[in-house]
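Single-structure report; data block below.
In my numbering, the protein residues as written are 131 to 407.
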């Protein structure tokens, strides 16, 4: 059973959460096409997909506690005017200047990302959604596998990734190769994952692979929920009605006031892989 992203008990959702949605983490190295896989799941299978890069952008684009802390730590000149989006390129330059600076940014962003992820998962669970997919570029690098029921790794041939990265980010070949070389190898990521999606070819080829994985996943999701909602027989004479809702697997259900804004967990540096794929 996966571990909740947020264990503080501060996340609230509207509705009753009797069974936590089956969570699938989707990861992969730079320019493999994680976002493309996410779009296929949404558009062709109606899946609920969360992109942690988008959550990071939300935190940096709009005034909130994380936004204020980033400006206090890395400089008020990261915005052109009060309330404007933080300049992520300039933030990246400052945050990755030293190990200490990088750690400081992670300390600010990661708990808020985790809270928002947990809020999204619990909200969809309360709405009856059985499975959610979460795009996490650095899933294995930051040790998040335990938060998912299973992990899918998107891969692509090195020459394909290189061409995509050069075209997408306007990089020369040497710079693109350097960026690829800085990341965990695809081979290692595959070893740590449960399923693999090869996105080396055209989108329709990838769509066929995603469909096969999605259809095969249905049986595992059904088994997960069947096991999660089993209520043991009530012993005779204890006065219980036996109709209590089971607790969320892996953590206590948050109170439901319908007002909480989400937060998430340590998953993404600002534009870790550059722009969205």
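Don't be surprised by glycine CBs; every beta carbon is placed ideally from N, CA and C.
- Taking contact to mean at least 3 C-beta pairs separated by less than 8 Å, is the region 148-165 in contact with the region 312-327? Contact between the region 148-165 and the region 312-327 is present, because at least three Cβ pairs lie under 8 Å.
- Query: Does the distance from the CB of residue 262 to the CB of residue 151 come in under 8 Å?
  - Reply: A Cβ-Cβ contact shorter than 8 Å links residue 262 with residue 151.
- Looking only at C-alpha atoms, which of 203, 264, 358 sits nearest to residue 230? Nearest neighbour of residue 230 by Cα position, chosen from 203, 264, 358, turns out to be 203.
- Apart from the five residues on each side of it in sequence, which residues of its chain come closer than 6 Å, Cβ to Cβ, to residue 253? Hits under 6 Å: 143.
- Using a Cβ cut-off of 8 Å (strictly closer), state whether residue 343 contacts chain C. Considering every chain present, this structure includes no chain C. It has just one protein chain.
- residue 147 lies in the alpha helix (DSSP H); which residues open and close that run? Careful: residue 147 lies outside any alpha helix (DSSP H) and carries neither H nor E.
- So, using beta-carbon positions, are residue 283 and residue 320 closer together than 8 Å? In this structure, residue 320 lies closer than 8 Å to residue 283 by Cβ.
- Task: Starting from the C-beta of residue 290, find all residues in its chain whose C-beta is less than 7 Å away, skip the five residues before and the five after it, and write them out in chain order.
- Result: Leaving aside the five residues that flank residue 290 on each side, the residues in its chain whose CB is nearer than 7 Å to its CB run, in chain order, 330.
- Item | Residues near residue 360 in its chain [Cβ-Cβ closer than 7 Å; skip 5 each side] | Per-residue confidence for residue 360 stands at a pLDDT of 47, beneath the threshold of 50, marking its modelled position as unreliable; no derived number is given.
- May I ask you to report which of helix, strand or coil DSSP gives residue 411? With the chain represented from 131 up to 407, any question about residue 411 goes unanswered, as that position is not in the structure.
- Query: Is residue 153 buried or exposed, if buried means 16 or more other CB atoms sit within 10 Å of its CB?
  - Reply: Around the C-beta of residue 153, 16 or more other C-beta atoms lie within 10 Å, and the residue is accordingly described as buried.
- Item | alpha helix (DSSP H) segments (min. 4 residues) lying fully within the region 215-294 | Those alpha helix (DSSP H) runs which fall completely within the region 215-294 and span 4+ residues are 218-225, 229-256.
- Contact check, residue 264 vs residue 292, beta carbons under 8 Å: Against a cut-off of 8 Å, the Cβ pair of residue 292 and residue 264 comes out as no contact.
- Flag this pair as yes or no: are the beta carbons of residue 178 and residue 277 separated by less than 8 Å? The answer is no: Cβ separation not under 8 Å.
- At least three beta-carbon pairs within less than 8 Å, the region 200-220 to the region 168-184: Output reads no: the region 168-184 does not touch the region 200-220.
- Message: As a quick exercise: from 258, 218, 240, 351, pick the residue whose alpha carbon is nearest that of residue 274.
- Response: When each option's Cα is compared against that of residue 274, the closest is 240.
- With residue 158 as the anchor, note down where its beta strand (DSSP E) starts and where it stops. Boundaries of the beta strand (DSSP E) harbouring residue 158: 152-158, taken from the DSSP string.
- What residue from 333, 351, 180 has the CA that sits closest to residue 243's CA? When only C-alpha atoms are compared, the closest one is 180.
- Where residue 234 and residue 195 are concerned, what is the direct C-alpha to C-alpha distance, given to the nearest angstrom? Rounded to whole angstroms, residue 234 to residue 195 spans 15 Å at the Cα level.
- Task: With a threshold of 16 other CB atoms inside 10 Å of the CB of residue 155, please say whether the residue is buried or exposed.
- Result: Classification of residue 155: buried, given that the 10 Å Cβ count is 16 or more.
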